[in-house]
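Chains as they are written, first to last, in the working numbering: chain A, 1 to 329; chain B, 1 to 343; chain C, 1 to 336. First comes the structure, then the notes that go with it.
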Amino acid sequence: MPFIVRRLAFYLVAAWVAITANFFIPRAMPGNPVESVVAKYPNLTPDAIKALELMLGGGQQGSLWSQYVTYLGHVFTFNFGADIANFPTPVSSLLAQTIPWTLTLVGVATVIAFAAGTGLGILAGWRHGGWLDRSLPGLMFLQAVPYFFLALVLVDVVGVELHWLPTGQGYNGAATQPGWDWAFIASAVQHAVLPAFTIVITSVAGWMLQMRNVMITTIGEDYVVAAQAKGLPSRRVIYTYAARNALLPQLQGFGLALGFVVSGALVMEIVFAYPGIGLLLLNAVSSDDYPLMQAIFLVITFTVLVANLIVDMVIVFFDPRVRAREATR
Amino acid sequence: MSPILEISDLSVAYRTPAGDVRAVEQVSLTLNAGEVVGLCGESGSGKSTLAYGATRLLRPPALITGGSVRYHGRRITHGGAPADILTLSRRELHALRWREIAIVFQSAMNALNPVLRVRNQLLDAVQAHLRLPGDEARDKVAGLLDLVGIPRDRLRSYPHELSGGMRQRVMIAMALASDPEVVIMDEPTTALDVVVQRDILAQIVELKETLGFAICFITHDLSLLLELADRIAVMYAGRLLETGSSQAIMRDPAHPYTRGLLNSFPSLHGPRRELVGIPGSPPDLRDPLPGCPFAPRCAHAVPACGAVDMTLEPWSGPASAPAEHLTACPIVTPEASRKEVLS
Amino acid sequence: MRTLAGIWRNLPLKAKAGAVLFGVFALAAIIGPEVAPYDPSYANPDPSLLMARPSAQHLLGTTQTGQDVLSQLLVGIRLTIELALLVGIIATALSVAVGVTSAFLGGVWDEILSLVSNVFLVIPALPLLILVLGYLPQKGQLPTIIVLSVLGWPWGARVIRAQTLMVRSRDFIAASRESGEKAWRIIAFEIIPNEVSLIAASFVNTVLYAIGTSVALAFVGLTDLNSWSLGTILYWAQSQQALQLGAWWWFVPPGLAVALIGTSLVLLNVGIDELGNPRLRASRGAAKVAGRRVWATDPTPVLAQLTAGRGRLAAFARSFSRSSLIDETPAGGELR
């Protein structure tokens, strides 16, 4: 499958760029970040300070190149060092605590939004000009609303005023502890409803509009006219002839939009005080916790790259031309 | 000669905010069972619009503004009388399409679903109308490929894996899936090179002889029709200018436009002569001028051409019987054109 | 001036609505700060005016520290729009430059530039921005503009490159090249005019992205917290627990402003899209012929059938019957 191999190579390049950016940015900044950190957190061990210097530059740690190589090594072994604000907790354990929350919430909500949006888009495109289609401008208002603002409004209305759903946190800390028991899962789900709802509402319109546009173009293609000429049942024409082909550009768009989806979700978590990466990032930023910031950036980037790769694989599965194009090279 | 598809006074327009574009204007054409009728005209003459309009496959803003299209098939009737396609409901159209009237599209690459295998697309065509049990359907599909001379292992291919000629054959095979009475072929060989063209045309003729369907062959290439068609109809600016047997048209073209067409390609035999095209370009169909649309480009035009009502009248030239050879030009008469008969 | 009026007339309704809405905010941006009743940073120490509800004195209430929300809003609109427009211009200029050049030159340059765009596209923007701004000791407008522009051009560049490739392969470009016209002239006078609607859409898209991202960054605390952009207002509202204390007048107006500005841009965008590809208009979809709705996927309508009122009921009833062509008699009205 040469296509997938090429995409994988591309993502590796992108990952390398991200890592290198991570390495050079602190060194390119004015001032000495290490010094400011040490000033803020006087109880760091000399080892920790050395590790910081390796990560951020400054100090005498050997040539730039050797620092880079060591840094690369650390990244590949997921050794992000010790956290500063919560010294001496290692960064990786902080990440391990929060990633599952974000992944589940954002992953599930995004898939639901994409599926719903695409399905509605198919119908809106098929009945181009019908009521569903004409409702799009209204839905687009929702898309223009920043995730976190809608979150604020929802929390205010549903949580504070109406008390229907909890106003924050990932689970009811007073009642249960994390674990695979029913009480915890139920509480977690209850707390996830509002955040997930926010994500779905704000992104559905975008997916729907995109799919509707592609459907309209696809319906104009000769093979759809031919399918109708063949007297095929409408359902077959809509789904197997039109939608199946329209799905391909739609999936590509999904891959491209993943970065934005993740970004929006991060900030939204802050509003809900959801115990995911977003909240962790906020805390890291406000406390100048550089190792954590760097690690979070890398983790988010890698996740998006992996998700993109998965989308690429789905596209290959659905589009026989892609496989062929690479095979004949 | 029993008629199988009878188009009477069909008019099709595209309704735009700027007004109606009259793409087809009162065309009457009859297709008899088992016969090949060639529909000839340049781009924009309305020949495809006529064919797709007759089967109601045109998309908005197309609108059929008048006429009738009666189908005289034996399998499907409307209470004993021929069914007028223009009055059929959607469900009835589904039954009629493909089963009775099939279409071979111009560009097979565009007319085949890129993500479905050939086998599945053929199965779709078969099962939409025949509802056979699984094995029988698969056998039938394989048999269809045999009919057009494609190896059976191509069933598993996708359209982009086939050559141009093969794709067109698949289109033809698909058209024949439910044994139609009429096959409309819309410039099926235009996109192919000459050698492949030859093969496909030969195949089409052979299939027609075997299975006995009527063909409406649409093309801009009159030379093709002279060999292939039994009768030819010449269209221009949405109107029929001339109809007749291909013999008659070849030997004794009645309408100045047809003569122009015949003059514009060289013959392989006979003395060399100067090639003459037809100067000018087709008219804007939004505001058709009264009378004959070809008048602005016609060498024989006279002021009276603006009042011609474009009905087809018999022409009795030396090579044709009047009833079968019709022309819309009352100006060019057999006497006047004796000197201009082609070599 | 005349062509401008002509353009306006041809814009679909959505684009017009979006333009008008954006115009309102643009107006607010221009005159807002002059019209604002108070200095947004002025903290009124009067205890009765802390976190006060909207009143005649403070049309949108006050913040935790007694600052007037309306004034903050007006100043914020200007700052936010200014920043977004600047980013839009810079990033769009960059993306046109890169997109057109890369498509025009082709070959290895195209590969390199495409690779760079794709890498920037796939790396999520907000985390990177947070990272960069997090290191900066001073987080002001300028760094934000620079960083947003640097990360904002790949999207447009990709789209413009694709379009330029298509335009480039058209015959009239080949003709120009053959006749020896200089490359930059071809680009400026023949290629770009063909892509105006695409560039406009790309610009609007970039402005939208700039607004959303800058507000998000400010919300997280990564801007100059003494300047009153809409995101900063939201930051303070969030950190001062406006939500929990029920002070909706503090966070709803700025958020709503962001949402409305965003909506106006989205509408403009969709409208421009439809301008470039008129097929997409909803009005083009279900045509209304002789008063009846006809879907694009219906069989071609027949005028006589549509206007025959008598036939409508029969046709309706017929649509439920099975395909019984054999035993049905036509019930439509007279033809012609």
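Ideal Cβ placement from N, Cα and C applies to all residues, glycine included.
Taking 8 Å as the cut-off, the Cβ atoms of residue 10 (chain A) and residue 269 (chain C) do not count as close. In the three-state scheme derived from DSSP, where H, G and I count as helix and E and B as strand, residue 38 (chain C) is classed as coil.
Contact annotation: residue 238 (chain B) and residue 22 (chain B) have beta-carbon atoms nearer than 8 Å. For residue 123 (chain C), no beta strand (DSSP E) segment is defined, and its DSSP state is neither H nor E. The beta carbon of residue 36 (chain A) sits closer than 8 Å to those of 288, all from its chain and outside the five residues before and after it, given in chain order. At a beta-carbon threshold of 9 Å, the residues of chain A lying near residue 98 (chain B) are 229, 230, 231, 232, ordered along the chain. Residue pairing from DSSP places residue 101 (chain B) in a beta bridge opposite B:97, B:182. Within the region 254-296 of chain A, not a single complete beta strand (DSSP E) segment reaches 3 residues in length.
Residue contact with chain B for residue 303 (chain C): present (Cβ-Cβ distance below 8 Å to some residue of chain B).
The way I'd put it, the region 278-297 of chain B does touch the region 234-249 of chain B; three or more beta-carbon pairs between them come closer than 8 Å. DSSP lists B:242, B:313 as the bridge partner or partners of residue 327 (chain B).
Under DSSP, no beta-bridge partner is assigned to residue 159 (chain A).
Look at residue 274 (chain C) here: in three-state DSSP terms it is helix.
Taking a Cβ-Cβ cut-off of 8 Å, the neighbours of residue 318 (chain A) in chain B comprise 115, given in sequence order.
A direct Cα-to-Cα measurement between residue 53 (chain C) and residue 248 (chain C) gives close to 9 Å. Residue 68 (chain B) has B:8 as its beta-bridge partners, per DSSP. Between residue 142 (chain A) and residue 205 (chain A) the beta-carbon gap is near 5 Å, inside 8 Å, which marks them as a contact. Counting the other Cβ atoms within 10 Å of the Cβ of residue 138 (chain C) gives fewer than 16, which makes it exposed. Note that the C-beta distance between residue 10 (chain B) and residue 54 (chain B) is below 8 Å.
From the listed residues C:62, C:299, C:251, the smallest Cα separation to residue 48 (chain C) is found for C:62. Taking the beta carbon of residue 128 (chain B) as reference, the chain A residues within 9 Å of it are 230, 231, 232, 233, 236, listed in sequence order.
The alpha helix (DSSP H) runs of length 4 or more contained entirely in the region 1-87 of chain C are, from start to end of the chain, 2-10, 13-35. Taking residue 28 (chain C) as reference, the option from C:68, C:72, C:43, C:16 with the minimal CA-CA separation is C:72. Between residue 325 (chain B) and residue 40 (chain B), the C-beta gap is not smaller than 8 Å, which leaves the two residues out of contact.
In terms of beta-carbon proximity, residue 18 (chain A) lines the interface with chain C, with at least one pair separated by less than 8 Å. Following the DSSP letters along the chain, one finds residue 198 (chain A) inside the alpha helix (DSSP H) bounded by residues 182-219. Only those residues of the region 122-133 of chain C whose C-beta falls short of 7 Å from the nearest C-beta of chain A are listed: 122, 123, 124, 125, 126, 127, 128, 130, 131, 132. Along the region 103-128 of chain A, going in chain order, the ones with a CB nearer than 8 Å to a CB of chain C are 126, 127, 128.
Residue contact check for residue 30 (chain B) against chain C: no CB pair falls below 8 Å. Cβ-Cβ distances below 6 Å link residue 110 (chain A) to 261 in the same chain, with the five nearest sequence neighbours on each side left out; the list follows chain order. For residue 124 (chain B), at least one C-beta of chain A is nearer than 8 Å to its own C-beta. Along the region 12-75 of chain A, the alpha helix (DSSP H) occurs as fully enclosed runs of 4 or more residues at 33-40, 46-56, listed in sequence order. Here DSSP, grouped into helix, strand and coil, assigns residue 40 (chain B) to strand. Using a Cβ distance threshold of 8 Å, residue 143 (chain C) and residue 136 (chain C) count as a contacting pair. In this structure residue 186 (chain B) is not in contact with residue 215 (chain B), their Cβ atoms being roughly 11 Å apart against a cut-off of 8 Å. For residue 217 (chain B), the enclosing beta strand (DSSP E) has its first and last residue at 214-219.
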